[in-house]
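Quick note, the sequences are listed as chains A and B, same order. Per our numbering, the very first residue in the first sequence carries number 1; after that it's consecutive. Per our numbering, the very first residue in the second sequence carries number 1; after that it's consecutive. Even for Gly, the Cβ is constructed at its ideal location relative to N, Cα and C. Here is the structure we will look at.
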Amino acid sequence: MSFLNFLISGISLGSIYAIIALGYTMVYGIAKMLNFAHGDVIMVGAYICFFAVSRYSLPPLVGILVAMVICTLLGIIIEKLAYKPLRAAPSLAVLITAIGVSYFLQNAAQLLWSSNPKVFPMFFQRMVSKTTPDGTVQIVPVNGIDLFGGELRVSYVTIVTILVCLIIMLALTAFTGNTKMGKAMRACSEDKDAARLMGINVNTTISVTFAIGSGLAAIAGVLLCSAYPTLVPTTGSMPGIKAFTAAVFGGIGSIPGALLGGLMLGVIEIMAKAYVSTQLSDAIVFAVLIIVLLVKPTGLLGRPVREKV
Amino acid sequence: MAKIFSKNESPLVPMPSEAYIPQRDLNKTPVLECRRLGINFGGLVAVDDFNLIIGRTEIAGLIGPNGAGKTTVFNLLTKVYQPTKGTILLNGQDTHDMNTVQVCKAGIARTFQNIRLFNNLSVEDNVKLGMHNSIQYGMVRGIFRLPSYWRQEKSAHERAMELLSIFNMEDMANTKAGSLPYGAQRRLEIVRALATNPCLLLLDEPAAGMNPSETAELMENIVKIRDTFQIAILLIEHDMNLVMNICEGICVLNFGRIIAKGSPEDIQANPAVIEAYLGKKKEA
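This is the structure we're talking about:
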């Protein structure tokens, strides 16, 4: 039964990685750049939600929406100020800029919100009245459901995370497959000049991509901090790098690849922690990545790029 | 250069065009007028002093030896390059401040010398991307598939099928563009360009790599497109049979400059053209 337990935690962690990986993979697919500031947008989203709920006592759902709106705007602003002027620059320059933006966001967060860890509020729990043995009625929070007579405990966060991840995947697949903006995105990812000559505004398309990725980052931030409730300005960097790894693992540029890569990475990480060693878990994750890339350099679902000779 | 070509020696449109326009288009605003158009890349003058007028329903040809600057002219017209000199008037409107997207919306569509389809998208989606600007529904409506989404997607689908039917390609609608045979890819590029609803269609070597029977069919189709949509077509082509048979006006470029303009008969007899293509005759 403990295996099932680990598997469920792995899928839940993997779902968070998958949502973050979507941001990496979509931006890479369209703008052909690695947005290393993406992990820090997650952190900003988590902080916004934290303050909205803890300080301004807004309901959690409103808090998440506020965080999404602000992160979406942040994503668009970052793209306009930092990346758009470099559209024609070599990709290395854009990469360095992205790292710069990442540090900027971390330090800005430290300046604004201090580096003291914040304890993220528990969103996903239910208040249940319970009669204690001595006869008094108490109201206690319950944060999960018990299955198999208490042998398996699944927390609400886990359930919500997995459901949200599935909904996002379905919505994005419908969006890129069937709508005109989604198709414009796929066209831009294949050939920007041809797209432009068909009357597709490439800049708008890239902005929309950043907006979607950053909005999703806010959701990921809230889910991440609900599962691991310590919030510091560097909260986003490690999950960001893991999610980037997940995107590469699944084949960067591919949306189903982000889902597959994220889930596999999460499961491998939790299993390694459980059965091998907590300290070695990251090493194992990256070792698996190296092996996959050696065997299939484009990632699990990545399409090989063929150059015509 | 100063010579004015015409089929019936009638007085033609005023300077600086010196171009040949079919009689039926003479009293209408030309779809395209280039005045002293030029571009340099650093010290290299790629196109210089390019003057051209194209009538509303004219099929015009742009020919010249390799490297003469033909594709550069297309890139100037579609604003892939910003001209360093001169003006482009599209339906009498200066395109100086327009970018590629705006030029496309204003009515210039093109195909490419080396096919540039969206290979991973279906044939139908490629055509629908050409209609990008005529489909109006927001992102939210698209995701939740509200009625306006279905209505517009349905009409887009019908129009895409109608356009594909020009080349009898309806049954390929769901095939991936990248897996089509070569000739079909070339035809799909034309359909995709037509989907942007242009008034001027630029075809960059439409017959390249086609066999004689495919070329013959293409020639019929080019004329058919002009007749059905009543648009102007400017094509770059090396297949002289195609150019001489369907073009009403021809413009010959060499080293970035126009060396001759006129009707197919005039061009065929023009010594400068013969020299550009075959080299100078050795003086005896």
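Nearest-angstrom Cα separation, counted from residue j out to residue i
i: A:Glu-190; j: B:Met-219; result: 30 Å
i: A:Ile-11; j: A:Ile-159; result: 10 Å
i: A:Gly-182; j: A:Phe-175; result: 5 Å
i: A:Ile-291; j: A:Glu-269; result: 15 Å
i: A:Gly-100; j: A:Met-127; result: 44 Å
i: B:Met-15; j: B:Arg-192; result: Residue confidence for B:Met-15 is low, a pLDDT of 40 falling below 50, so the modelled location carries little weight and cannot support an answer.
i: A:Val-285; j: A:Cys-165; result: 21 Å
i: B:Leu-90; j: B:Ala-156; result: 27 Å
i: A:Ala-108; j: A:Ile-48; result: 13 Å
i: A:Ser-281; j: A:Ala-227; result: 18 Å
i: A:Val-208; j: A:Gly-39; result: 18 Å
i: B:Thr-87; j: A:Ala-194; result: 24 Å
i: A:Ile-16; j: A:Asn-201; result: 31 Å
i: A:Val-69; j: B:Ile-246; result: 57 Å
i: B:Ala-354; j: B:Gly-178; result: For residue 354 of chain B there is no data in the structure shown, the boundaries of chain B being 1 and 284.
i: B:Lys-105; j: B:Lys-128; result: 15 Å
i: B:Leu-77; j: A:Phe-120; result: 57 Å
i: A:Arg-153; j: A:Met-271; result: 17 Å
i: B:Phe-112; j: A:Thr-179; result: 26 Å
i: B:Lys-79; j: B:Pro-147; result: 37 Å
i: B:Ile-236; j: B:Leu-202; result: 8 Å
First through last residue of the beta strand (DSSP E) which encompasses residue i
i: B:Cys-199; result: Note, B:Cys-199: premise wrong, no beta strand (DSSP E); not H, not E.
i: A:Arg-153; result: 152-155
i: A:Ala-88; result: Taken as a continuous stretch (DSSP letters only), A:Ala-88 belongs to no beta strand (DSSP E), as it is neither H nor E.
Local conformation of residue i per DSSP, three classes
i: B:Met-1; result: Reliability of the predicted coordinates at B:Met-1 is poor, the pLDDT of 41 falling under 50, and no value is obtained from them.
i: B:Val-13; result: Confidence at B:Val-13 is low in this model, with a pLDDT of 38, below 50, so the placement of that residue is unreliable and no value is reported for it.
i: B:Ser-155; result: helix
i: B:Gln-93; result: strand
i: A:Gly-29; result: helix
i: B:Val-243; result: helix
i: B:Ala-260; result: strand
i: B:Arg-192; result: helix
i: B:Asp-25; result: helix
i: B:Asn-8; result: Unreliable placement is indicated for B:Asn-8, whose pLDDT of 39 sits below 50; no coordinate value is reported for it.
i: B:Gly-109; result: The identity of residue 109 of chain B in the sequence shown is Ala, whereas the question assumes Gly. Looking at B:Ala-109 - three-state DSSP - the assignment turns out to be strand.
i: A:Val-326; result: Because chain A in this structure spans residues 1 to 309, residue 326 of chain A falls outside the shown range and cannot be described.
i: A:Thr-230; result: strand
i: B:Leu-129; result: helix
i: B:Ile-59; result: strand
i: B:Ile-274; result: helix
i: A:Ala-171; result: helix
i: B:Lys-280; result: coil
Residues bridged to residue i (per DSSP)
i: B:Cys-34; result: B:Leu-52 and B:Ile-88
i: A:Gln-138; result: A:Lys-130
i: B:Asn-254; result: B:Arg-257
i: B:Asn-40; result: B:Val-45
i: B:Ser-122; result: B:Lys-176
i: A:Gly-144; result: A:Ser-155
i: A:Leu-95; result: DSSP, once it has assigned bridges, lists no residue as partnering A:Leu-95.
i: A:Ile-290; result: In DSSP, A:Ile-290 forms no bridge with anything.
i: A:Val-119; result: A:Thr-230
i: B:Gly-249; result: B:Ala-60
i: B:Ala-232; result: B:Leu-200
Distance cut-off 7 Å: residue i Cβ against heavy atoms of the ligand SAM
i: B:Glu-237; result: With respect to the ligand SAM, the structure shown offers nothing to examine, as it has no ligands at all.
Endpoints, alpha helix (DSSP H) assigned at residue i
i: B:Leu-76; result: 70-77
i: A:Gly-39; result: 38-54
i: A:Gly-215; result: 202-227
i: A:Asp-353; result: Any answer about residue 353 of chain A is impossible in this case: the structure gives chain A only from 1 up to 309.
i: A:Ala-274; result: 255-275
i: A:Ala-246; result: 237-250
i: A:Gly-63; result: 60-78
**OP:** Closer than 8 Å, Cβ to Cβ, to anything on chain B: give me those residues from the segment 170-186 of chain A, in chain order.
**Re:** Ala-171, Ala-174, Phe-175, Asn-178, Thr-179, Lys-180, Met-181, Gly-182, Lys-183, Ala-184 and Arg-186
Original post:
Between the segment 185-200 of chain A and chain B, which residues of the former have CB atoms less than 8 Å from a CB of the latter, in chain order?
Top reply: Arg-186, Ala-187, Glu-190, Asp-191, Asp-193, Ala-194, Ala-195, Arg-196, Leu-197, Met-198, Gly-199 and Ile-200
Original post:
What residues in the segment 95-106 of chain B have a beta carbon less than 7 Å from any beta carbon of chain A?
Top reply: Thr-100, Val-101, Cys-104 and Lys-105
**OP:** Pull out every residue of the segment 214-246 of chain B whose Cβ sits closer than 9 Å to any Cβ of chain A, in chain order.
**Re:** none
Original post:
Along the segment 42-67 of chain B, what residues have a CB closer than 9 Å to any CB found in chain A?
Top reply: none
Subject >> chain A contacts made by the segment 194-205 of chain B, where a contact means CB separation under 7 Å >> reply: Going along the segment 194-205 of chain B in chain order, one finds Thr-196 with a Cβ nearer than 7 Å to chain A.
**OP:** Pull out every residue of the segment 75-96 of chain B whose Cβ sits closer than 8 Å to any Cβ of chain A, in chain order.
**Re:** Thr-78 and Val-80
**OP:** Report the residues of the segment 114-131 of chain B with a CB closer than 7 Å to any CB of chain E, ordered along the chain.
**Re:** The chain labelled as chain E is not found among the protein chains of the depicted structure, namely A and B.
**OP:** Return the residues of the segment 146-167 of chain B that lie within a Cβ-Cβ distance of less than 9 Å from chain A, sorted by chain order.
**Re:** Tyr-149, Gln-152, Glu-153 and Ala-156
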